[in-house]
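Residue numbers (my numbering): 192 to 554. Ideal placement from N, C-alpha and C gives every residue a C-beta, glycine not left out. Just so you know, these numbers come straight off a predicted model, no measurement behind them. I have placed the structure first, in the form of structure tokens, so that the comments after it can refer back to it.
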Ligand SMILES: [Zn+2]
């Protein structure tokens, strides 16, 4: 329990450490048009606090379809503002990629602006949103105060929660991250959960104004209710957190089915991939790297378990040396993040799957 709390605090601190200093408004996307009438809202620095999922919207003559709503009311409002700046059509549909708050806590602003909008999600995602609401309402009270305490201690001691010395780059981010805490606290306190009102299991296809929009559940990867947006004419794919860049930011318990899901996405032959966090991709290189990562770690874990190694031994002996540099390219900042997100979580998740220890999703 204690270790779990320390881990959660460590992750919160990591987010703070990585908070970007450059953005004038911490609740804004950088918008880019990825195909005619298809807009992607990208958090240019995926580590920026508040950590918000990317968003995509498609303008049709019959209305606007939004894929993912941002993680706070202000992010939802920034999506509405961008839509209104490019069209007078209303938002008619929102589809949520998965249940995590950084992709759906902006829904309330979209519903405020367009009260008749339909909100779609996979049934598992809808269930998680409905059932996690109470825990979130309790957790949000202490969230920012806890971050503030951890942050102050780190700055005072010049050490992060894992005892590693802060680099100058991290110190700057941490200091700037402190600057958004009051705003983050305000957003947390005014957030109301919006539970999706339509569900679909495998596939939803919208035909609107001559455009075809497919929403596909490709299997369990980041969560049990993952949905991607696929535009077959434009060959644009938005993956939610199944793909996050420049390193896999989000732990997943579904390490066994994950590579097959990535193969399914690759088979679509996309021209443009909008990840759940991070920069737009234009080829399959990063997806291939993710597939290789899951397969390499699973193979190593299997053979270590076969030798009778304990969990601790397995986690200690897993060798990331052929993988890590392909993500980090030796960048010291990304190397630390790789250790925070990948070596900490992926080995443990893979071990749990390979020993049939049971799969559980966390915030
Ligand atoms: Zn997520």
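Are the beta-carbon atoms of residue i and residue j separated by less than 8 Å?
i           : j           : result
residue 312 : residue 282 : no
residue 413 : residue 294 : no
residue 387 : residue 320 : yes
residue 220 : residue 269 : yes
residue 451 : residue 410 : yes
residue 258 : residue 246 : yes
residue 439 : residue 543 : no
residue 331 : residue 380 : yes
residue 497 : residue 508 : no
residue 415 : residue 552 : yes
residue 365 : residue 342 : yes
residue 285 : residue 260 : yes
residue 392 : residue 314 : yes
Would you tell me roughly how many angstroms separate the C-alpha atoms of residue i and residue j, rounded to the nearest one?
i           : j           : result
residue 200 : residue 375 : Reliability of the predicted coordinates at residue 200 is poor, the pLDDT of 45 falling under 50, and no value is obtained from them.
residue 555 : residue 461 : Because the chain here runs from 192 to 554, residue 555 falls outside it and cannot be looked at.
residue 194 : residue 255 : Caution applies to residue 194, whose pLDDT of 41 falls short of 50 and renders its modelled position unreliable; the value that the coordinates give is listed next. Residue 194 and residue 255: Cα-Cα distance of roughly 45 Å.
residue 457 : residue 429 : 12 Å
residue 264 : residue 505 : 42 Å
residue 490 : residue 546 : 13 Å
residue 368 : residue 335 : 11 Å
residue 394 : residue 384 : 25 Å
residue 389 : residue 407 : 15 Å
residue 401 : residue 250 : 11 Å
residue 274 : residue 520 : 37 Å
residue 309 : residue 427 : 22 Å
residue 453 : residue 234 : 22 Å
residue 352 : residue 535 : 14 Å
residue 431 : residue 483 : 20 Å
residue 564 : residue 422 : Any question about residue 564 goes unanswered here, given that the chain covers just 192 to 554.
residue 533 : residue 522 : 15 Å
residue 322 : residue 291 : 12 Å
residue 252 : residue 399 : 7 Å
residue 480 : residue 537 : 14 Å
residue 271 : residue 476 : 33 Å
residue 442 : residue 420 : 21 Å
residue 516 : residue 510 : 12 Å
residue 227 : residue 425 : 8 Å
Give the range of the alpha helix (DSSP H) segment to which residue i is assigned.
i           : result
residue 312 : Note, residue 312: premise wrong, no alpha helix (DSSP H); beta strand (DSSP E) at 309 to 312.
residue 364 : 359 to 369
residue 374 : 372 to 381
residue 433 : Residue 433 -> no alpha helix (DSSP H), and no H or E assigned at all.
residue 528 : 523 to 529
residue 491 : 476 to 497
residue 304 : 298 to 304
residue 276 : 264 to 277
Give me, in chain order, the residues of the same chain whose beta-carbon lies closer than 8 Å to that of residue i; leave out the 5 immediate sequence neighbours on both sides.
i           : result
residue 487 : 513, 514
residue 371 : 210, 217, 240, 241
residue 471 : 223, 225, 231, 233, 463, 464, 465
residue 524 : 358, 360, 361
Leaving out five residues on either side along the sequence, give the residues of the same chain with a beta carbon under 7 Å from the beta carbon of residue i.
i           : result
residue 266 : 218, 243, 297
residue 541 : 446, 488, 489, 492
residue 469 : 237, 435, 436, 437
residue 280 : 250, 254, 255
residue 448 : 410, 411, 412
Would you check whether ligand 1 has a heavy atom nearer than 7 Å to the C-beta of residue i?
i           : result
residue 467 : yes
residue 531 : no
residue 417 : no
residue 563 : Not covered by the structure: residue 563. The range shown for the chain is 192 to 554.
residue 483 : no
residue 432 : yes
residue 313 : no
residue 334 : no
residue 289 : yes
residue 295 : no
residue 441 : yes
residue 413 : yes
Less than 6 Å between C-beta atoms, sequence neighbours within five positions excluded: which residues of the same chain meet that for residue i?
i           : result
residue 397 : 404
residue 230 : 222, 224, 248
residue 554 : Low confidence applies here, because residue 554 scores a pLDDT of 47, under 50, leaving its location unreliable; read the following figure in that light. Excluding residues within five positions, none has a Cβ falling inside 6 Å.
residue 418 : 288, 313, 406, 408
Residue i lies in the beta strand (DSSP E); which residues open and close that run?
i           : result
residue 258 : 254 to 258
residue 420 : 419 to 422
residue 231 : 229 to 233
residue 285 : 282 to 286
I'd like to confirm something about residue i: is its beta-carbon nearer than 7 Å to some heavy atom of ligand 3, or not?
i           : result
residue 220 : As for ligand 3, it is missing from this structure, which binds only ligand 1.
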